[in-house]
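Undergrad: Structure below; questions to follow.
Numbering (mature numbering (1 follows the signal peptide of the UniProt record, and there is no 0)), first residue to last: -31 to -1, 1 to 566.
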């Protein structure tokens, strides 16, 4: 049988892979005016482009780009001329690289051509094949409302007439014109050769099934072949638009343990399998053989459980943040080092998030209990964040939880139209008595609060903000956590080194308020003292943002979700850990708390 623990490391990648099926076959050509479907790609600068977002335009027009290709350069003059003429008439002009070429090389090629427009890079080549792109240098006119190709072919007089017709709101007379030039080479493959038993089921088991299972957080289970086959249309849509896996980040910047991006080759396998009819083969069904733990606790029964007082949540209304102060009475009165923690929501349909702060014995927090400076010597206890996985400390790392401490918890609830209650629990797992972790993790937030907050202008589709922290000593960067509300669009973290070098750290290209992950580097990154970590993010306050509560508002900072926040949390370890040993006796200081994020 396949153990649940074999899949746990990628748990939150849930609905991931199951979806990239673009229903195409090898070497097929998309006929003009045939529905392609919605899709999303990142461009050569790592910005996210979702076709449905452009549905307030009459069309998205693409020129097919290839690095160093004479065909692209030959077509560029006529293409740019049309862009200058029609860009203010409801047409959006871009390029598309169907070869999945290296991003830096694409950027260099675009710069050499003197072009200022996004080049969408099709890493899997699935979107391009679905559209029917055949040659470098041809053009495509795509309708972002109907998701149809209304013209594809040579950049000539017929293309110019097609652009003019679309701008005028008229039907395109000639929808396909054969183009000459370098043929786009798609992967040579037999789409009937992909095995459900050997290829597809293991991919889904690795990336999806821990959420898509009975009792999991996903809305349906992918626990056998019939379920995967039945959900194939949904599967196609969510990966094509990068809606799943949740929280996925730019795969071209650093390596992360939890990028939630399925490898491109695996995406292609599932794509081909669904295109061939999602058939079952073999004598076993690996998904039906998956075993799950008897409870939702990630690591077996906890060593200690913090019971959060039950909270009544009404059916409707706006709820103020709530605060609870819970005493911690450890077994046998022994202080313990915390190795892992998990927040188990009683009703996750109404609990949006929590924050917490820890206070040592005899210390009573004042006010709401939250102070800005954390103490790495004190235990970290995970809050509840949408989509977050249980928290596990790095090896030989952790803080002390003293018997008699108090945890202050801030709870944010949203109403759903039905009255309910939430009785949450926090499970803690301790190091063994003879295990004393020697290292401590710390963190800081590149944040913007009032009074320095600048209101987000009404109807602005891309309002950028930036904040930074300075690393005080040589340190190893470990992870990053972005937080914005409904208008959050993207957030990037960059390291500005003292010598002037800028290193990109992470690009959350399509921020989603429903999935707020802490992204952990595969290998920690050493940066010198004085390094500035700059978080740059943008807000989409336009009508195109379907989650926007009110695009006509100038948006202030605020706790509630219809206002906004800007938090760029950075977690790191100081290279010299001796500083913590000198301060362990001060861990009960009321001005030092842990987990105040």
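Cβ coordinates follow ideal geometry from the N, Cα and C atoms, glycine included.
Would you mind giving the Cβ-Cβ distance between residue 436 and residue 16, rounded to the nearest angstrom? I have them listed as a contact below 8 Å.
TA: That belief does not hold up - the Cβ atoms of residue 436 and residue 16 are roughly 20 Å apart, past 8 Å.
Undergrad: Quick check: the Cα distance between residue 359 and residue 271, rounded to an integer number of angstroms?
TA: 12 Å
Undergrad: Could you pull out every residue in the same chain whose Cβ sits closer than 7 Å to the Cβ of residue 427, ignoring the five residues on either side in sequence?
TA: 510, 520, 521, 522 and 523
Undergrad: Let me know if residue 137 comes out buried or exposed under the rule of 16 or more other beta-carbons within 10 Å of its beta-carbon.
TA: exposed
Undergrad: In whole angstroms, give me the CA-to-CA distance for residue 103 and residue 121.
TA: 9 Å
Undergrad: What does the alpha-carbon distance come out to for the pair residue 323 and residue 286?
TA: 19 Å
Undergrad: Leaving aside the five residues before and after residue 549 along the sequence, list all residues of the same chain whose C-beta is less than 7 Å from its C-beta, in chain order.
TA: 345, 346 and 409
Undergrad: So what's residue 378 in DSSP terms, helix, strand or just coil?
TA: strand
Undergrad: Measure from the alpha carbon of residue 412 to the alpha carbon of each residue in 250, 314 and 541, then state which is nearest.
TA: Out of 250, 314 and 541, 541 has the C-alpha closest to the C-alpha of residue 412.
Undergrad: Determine the closest residue to residue 464 out of 444, 483, 457 and 75, with distance taken between C-alpha atoms.
TA: Among 444, 483, 457 and 75, the Cα nearest to that of residue 464 belongs to 444.
Undergrad: Using 10 angstroms around the beta-carbon of residue 458, count the other beta-carbons present and answer buried if the total reaches 16, otherwise exposed.
TA: So residue 458 ends up on the buried side.
Undergrad: Mind checking which residues open and close the alpha helix (DSSP H) that includes residue 489?
TA: Here residue 489 belongs to no alpha helix (DSSP H); instead the beta strand (DSSP E) covers 488 to 496.
Undergrad: Within a Cβ cutoff of 8 Å, which residues of the same chain sit near residue 69, ignoring the five residues on either side of it in sequence?
TA: 90, 91, 92, 93, 94 and 233
Undergrad: Excluding the five sequence neighbours on either side, which residues of its own chain have a C-beta within less than 7 Å of the C-beta of residue 164, listed in chain order?
TA: 250 and 251
Undergrad: With which residues is residue 27 paired in a DSSP beta bridge?
TA: Its beta-bridge partners do not exist; DSSP assigns none.
Undergrad: Do you know how far the Cα of residue 531 is from the Cα of residue 518?
TA: 6 Å
Undergrad: Consult DSSP for residue 99 and reduce its assignment to one of helix, strand or coil.
TA: helix
Undergrad: Enumerate in chain order the residues of its own chain whose CB-to-CB distance from residue 604 is below 6 Å, with the five nearest sequence positions on each side excluded.
TA: Because the chain in this structure spans residues -31 to 566, residue 604 falls outside the shown range and cannot be described.
Undergrad: Beta carbon of residue 290, beta carbon of residue 314: below 8 Å?
TA: no
Undergrad: Which value, in whole angstroms, describes the spacing of the CA atoms of residue 169 and residue 243?
TA: 10 Å
Undergrad: If you measure between the beta carbons of residue 320 and residue 384, is that distance less than 8 Å?
TA: Contact: no.
Undergrad: Are at least three pairs of beta-carbons, each pair with one atom in the segment 293 to 309 and one in the segment 360 to 380, less than 8 Å apart?
TA: yes
Undergrad: Among 28, 230 and 537, which has the Cα closest to the Cα of residue 113?
TA: 28
Undergrad: What does the Cβ neighbour count give for residue 498, buried or exposed, with the cut at 16 atoms within 10 Å?
TA: By the 10 Å Cβ count, residue 498 comes out exposed.
Undergrad: Going straight from the alpha carbon of residue 180 to that of residue 46, what length do you get?
TA: 50 Å
Undergrad: May I ask you to verify whether the segment 416 to 427 touches the segment 474 to 493, counting CB pairs closer than 8 Å and requiring at least 3?
TA: no
Undergrad: Taking 8 Å as the threshold, find out whether the segment 43 to 59 comes into contact with the segment 195 to 209 through three or more Cβ pairs.
TA: no
Undergrad: Does the count of Cβ pairs from the segment 393 to 403 and the segment 263 to 282 closer than 8 Å reach three?
TA: The answer is yes - the segment 263 to 282 touches the segment 393 to 403, with three or more Cβ pairs under 8 Å.
Undergrad: What residue from 230, 105 and 71 has the CA that sits closest to residue 175's CA?
TA: 230
Undergrad: Alpha helix (DSSP H) containing residue 171: first to last residue?
TA: 170 to 176
Undergrad: Measure the alpha-carbon distance for residue 501 versus residue 442 and round it to whole angstroms.
TA: 11 Å
Undergrad: Label residue 418 either buried or exposed according to how many other C-beta atoms from any shown protein chain fall within 10 Å of its C-beta, with 16 as the threshold for buried.
TA: Looking at its Cβ environment, which holds fewer than 16 other Cβ atoms inside 10 Å, residue 418 is exposed.
Undergrad: Just the Cα atoms here: how many angstroms apart are residue 140 and residue 134?
TA: 6 Å
Undergrad: How would you label residue 35, buried or exposed, when you count the other beta carbons within 10 angstroms and need 16 or more for buried?
TA: The residue in question, residue 35, is buried, as its Cβ has 16 or more Cβ neighbours within 10 Å.
Undergrad: Mind checking whether residue 572 and residue 400 have CB atoms under 8 Å apart?
TA: Outside the modelled stretch of the chain, which goes from -31 to 566, sits residue 572, for which no answer is possible.
Undergrad: Given residue 372, which residues of its chain have a CB within under 6 Å of its CB, disregarding the five upstream and five downstream residues?
TA: Answer for residue 372: 299, 302 and 304, listed in chain order.
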